[in-house]
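*Asks:*
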Amino acid sequence: MARAACRPVGLSARPAGLYSGKMRKNYILDANILLHDPYSIFRFADNTIIIPIAVISEIDRFKKEMTDRGYNARAVVRLLDSLRSDRSLAAGISLAAGGQLKVYCDRDPAAAQPNGQADTEILRVAQAVQQAEPGVPVIIVTKDINLRIRADAAGLRAEDYESDRVQLSDLYTGQTERTVPPEHLAEFQETGRLALEAADSLLPNEYVLLRAGDGSRTTALARVDAECRTLIRLRQPTEGIWGIRPRNKEQYFAIDALLDESVQLVTMMGKAGTGKTLLALAAALHLTFKQRCYRGTLICRPIFPLGRDLGFLPGDIGQKLDPWMKPILDTLEFLMDVGGAVRGHTECGGLLRSGMIELQPLTYIRGRSISNRFVVIDEGQNLTPLEVKTVITRIGL
Numbered sequence: 045m046a047r048a049a050c051r052p053v054g055l056s057a058r059p060a061g062l063y064s065g066k067m068r069k070n071y072i073l074d075a076n077i078l079l080h081d082p083y084s085i086f087r088f089a090d091n092t093i094i095i096p097i098a099v100i101s102e103i104d105r106f107k108k109e110m111t112d113r114g115y116n117a118r119a120v121v122r123l124l125d126s127l128r129s130d131r132s133l134a135a136g137i138s139l140a141a142g143g144q145l146k147v148y149c150d151r152d153p154a155a156a157q158p159n160g161q162a163d164t165e166i167l168r169v170a171q172a173v174q175q176a177e178p179g180v181p182v183i184i185v186t187k188d189i190n191l192r193i194r195a196d197a198a199g200l201r202a203e204d205y206e207s208d209r210v211q212l213s214d215l216y217t218g219q220t221e222r223t224v225p226p227e228h229l230a231e232f233q234e235t236g237r238l239a240l241e242a243a244d245s246l247l248p249n250e251y252v253l254l255r256a257g258d259g260s261r262t263t264a265l266a267r268v269d270a271e272c273r274t275l276i277r278l279r280q281p282t283e284g285i286w287g288i289r290p291r292n293k294e295q296y297f298a299i300d301a302l303l304d305e306s307v308q309l310v311t312m313m314g315k316a317g318t319g320k321t322l323l324a325l326a327a328a329l330h331l332t333f334k335q336r337c338y339r340g341t342l343i344c345r346p347i348f349p350l351g352r353d354l355g356f357l358p359g360d361i362g363q364k365l366d367p368w369m370k371p372i373l374d375t376l377e378f379l380m381d382v383g384g385a386v387r388g389h390t391e392c393g394g395l396l397r398s399g400m401i402e403l404q405p406l407t408y409i410r411g412r413s414i415s416n417r418f419v420v421i422d423e424g425q426n427l428t429p430l431e432v433k434t435v436i437t438r439i440g441l
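Count along the sequence shown from 1, add 44, and you get the number used in my numbering.
1. Which two residues bound the contiguous alpha helix (DSSP H) that contains Cys344?
2. Is Leu350 buried or exposed, if buried means 16 or more other CB atoms sit within 10 Å of its CB?
3. Can you name the start and end residues of the alpha helix (DSSP H) that Thr235 belongs to?
4. Using DSSP with H/G/I as helix, E/B as strand and the rest coil, what is Ser101?
5. Does the stretch 224–238 come close enough to the stretch 261–269 that 3 or more CB-CB pairs lie under 8 angstroms?
6. Are the Cβ atoms of Ile77 and Tyr205 separated by less than 7 angstroms?
7. Check whether the stretch 288–295 touches the stretch 235–250, counting contact only when three or more Cβ pairs, one atom from each stretch, lie closer than 8 angstroms.
8. Which of the three DSSP states, helix, strand or coil, is assigned to Arg128?
9. Just tell me which of Asn116, Gly314 and Gln335 has its CA closest to the CA of Glu7.
10. Quick check: the stretch 114–133 against the stretch 86–106, are there 3 or more CB pairs under 8 angstroms?
11. Going by DSSP, which residues form a beta bridge with Pro178?
12. Give a yes or no on whether the C-beta atoms belonging to Tyr338 and Phe418 are separated by under 7 angstroms.
13. Taking its Cβ as the centre, do 16 or more other Cβ atoms sit within 10 Å of Thr321, making it buried, or is it exposed?
14. When burial is assigned at 16 or more other CB atoms within 10 Å of the CB, is Ile439 buried or exposed?
15. In chain order, what residues of the same chain have a beta carbon less than 8 angstroms from the beta carbon of Arg491, not counting five sequence neighbours either side?
16. Roughly how many whole angstroms lie between the Cα atoms of Gln175 and Asn70?
17. Is it buried or exposed for Leu212, if we count other Cβ within 10 angstroms and need 16 for buried?
18. Leaving aside the five residues before and after Gln404 along the sequence, list all residues of the same chain whose C-beta is less than 7 angstroms from its C-beta, in chain order.
19. Would you say Asp74 and Thr186 are within 7 angstroms of each other, going by their C-beta atoms?
20. In the DSSP assignment, what are the bridge partners of Ser306?
21. Using 10 angstroms around the beta-carbon of Ala328, count the other beta-carbons present and answer buried if the total reaches 16, otherwise exposed.
22. Compute the Euclidean distance between the alpha carbons of Val435 and Asp269, then round it to the nearest angstrom.
23. Please work out which residues of its chain come closer than 6 angstroms, Cβ to Cβ, to Tyr148, disregarding the five sequence neighbours upstream and downstream, and give them in chain order.
24. What are the boundary residues of the beta strand (DSSP E) that Leu73 is part of?
25. Report the rounded CA-to-CA distance for Asn426 versus Pro346, giving the unit in angstroms.
26. Just how far apart, CA to CA, sit Leu191 and Ile85?
27. By Cβ distance below 6 angstroms, which residues in the same chain neighbour Leu133 in space, the five residues on each side in sequence not counted?
28. What is the residue span of the alpha helix (DSSP H) that Lys433 lies within?
29. Residue ranges of each beta strand (DSSP E) run of no fewer than 3 residues wholly in the stretch 75–99, ordered along the chain?
30. Apart from the five residues on each side of it in sequence, which residues of its chain come closer than 8 angstroms, Cβ to Cβ, to Leu430?
31. Specify the secondary structure class of Ile461 as computed by DSSP and reduced to three states.
32. Please list the terminal residues of the continuous alpha helix (DSSP H) segment that includes Ala198.
33. Can you tell me which of the three DSSP states Gln425 falls into?
34. Return helix, strand or coil for Gly351, following the three-state DSSP convention.
35. The alpha helix (DSSP H) that contains Lys146, what's its start and end?
36. With distances taken from CA atoms, which of Asp163, Asp188 and Asp300 is nearest Thr282?
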């Protein structure tokens with residue numbers, strides 16, 4: 045099984061009841077919501093979901109694209125077709141959560157999208173639904189900021205799609221603090237283990253900063269074992285990993301997780317310059333070339349330009365990727381400077397030509413079966429949920 049090192053915190057979506065409430069509401073979906081999440085129609089609890097026919101026409105424009113947007117467009121079409129197999133979308137289809145799904149078409153479909161202005165048609169449909177059911181709130185759900193502004197100007201309520209969003213403060217941090225009696229802390233420092241109380245709410249592989257309860261500054265770093273029964277001492281290589289030494293407790297935690305082969309997925313999140321990529325690559329070199337735990341290292345990053353795109357690049361795939369992979373190459377060169385040569389290679393070019401380290405854009409990862417590799421996904425914040433799911437399935441998790 046491949047080893048993955050990507051961004052640090054477990055992400056979780058908002059509760060499924062985000063759109064639930066005592067009063068039934070009519071939600072009108074824009075095309076960008078369905079293209080973002082084809083299954084968004086199931087996220088609105090017991091409310092009514094209305095899709096204007098103009099939105100269906102807009103989605104149809106993207107179904108032939110060989111992109112994530114095209115994939116989602118085809119998924120939406122297949123989903124709606126399966127739902128209408130024995131029921132009518134015009135009359136309304138009951139959903140499992142108690143809501144209802146309708147495709148709204150109150151006039152000739154050819155005239156339902158005048159001059160390609162789908163946003164104008166969505167506003168018209170919202171006003172028509174509001175007039176038909178004046179006692180039921182009507183809400184347009186769209187990722188188009190301009191449409192939300194236009195809706196507000198027209199006296200209509202409009203919201204962004206928030207079912208897959210979460211506040212940074214709500215994320216699982218993977219670390220906590222505990223105050224323990226001084227004798228317990230002394231026992232942990234001597235034996236490297238400390239039994240947990242049954243009532244403690246710590247999670248498997250959660251990291252803990254232990255503080256002495258006598259007011260002294262004595263501390264220790266620990267990790268919860270997989271059975272949540274014991275606190276254990278962190279792995280702390282005396283010489284660091286590949287010449288890199290941790291500078292704070294978060295980096296100690298990251299190194300311990302990266303070096304633990306029983307942990308199949310490590311995610312790291314932090315500000316720029318906190319050492320996420322550096323630590324992941326140092327651990328990859330250490331486990332691949334010193335410990336020989338893996339057959340090689342695969343490094344992937346999404347292709348997103350900063351500022352204006354320079355357009356097409358000349359050369360083969362390696363030459364085209366070179367500008368995008370410069371941050372990775374810079375980090376590898378730094379590690380080879382401080383940690384020494386890798387299998388006789390003193391520069392990145394020879395190491396890449398040997399095939400022991402492979403650089404690849406995420407564009408080409410679909411369909412691959414990656415085994416016995418240490419996989420590093422850099423800049424994971426730029427990935428879509430579908431891309432994250434694709435990466436995880438490719439490495440066997």
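Every residue gets a Cβ at the ideal spot worked out from N, C-alpha and C, and that includes glycine.
*Replies:* So, to answer that:
1. Unbroken run through Cys344 is the beta strand (DSSP E), Gly340 to Arg345; no alpha helix (DSSP H).
2. With a pLDDT of 49 at Leu350, under the threshold of 50, the modelled position of this residue cannot be trusted, and the question is left open.
3. Pro226 to Thr235
4. helix
5. yes
6. yes
7. no
8. coil
9. In this structure the chain extends from 45 to 441, so residue 7 is not present and cannot be described.
10. yes
11. In DSSP, Pro178 forms no bridge with anything.
12. yes
13. buried
14. buried
15. Absent from the structure is residue 491, since the part of the chain shown begins at 45 and ends at 441.
16. 12 angstroms
17. exposed
18. Leu342 and Cys344
19. yes
20. In the DSSP output, where bridge partners are listed per residue, Ser306 has none listed.
21. buried
22. 27 angstroms
23. Ile94, Pro96 and Val169
24. Asn70 to Leu73
25. 7 angstroms
26. 20 angstroms
27. Val147
28. Pro429 to Arg438
29. 92–96
30. Asp112, Tyr115 and Asn116
31. Shown here, the chain extends from 45 to 441; a query on residue 461 therefore has no answer.
32. Unbroken run through Ala198: none, as it is neither H nor E.
33. helix
34. The predicted position of Gly351 is uncertain, since its pLDDT is 47 and thus under 50; a value taken from the coordinates is nonetheless stated next. Gly351 falls in the coil class under three-state DSSP.
35. No alpha helix (DSSP H) holds Lys146; the beta strand (DSSP E) holding it covers Gln144 to Tyr148.
36. Asp300
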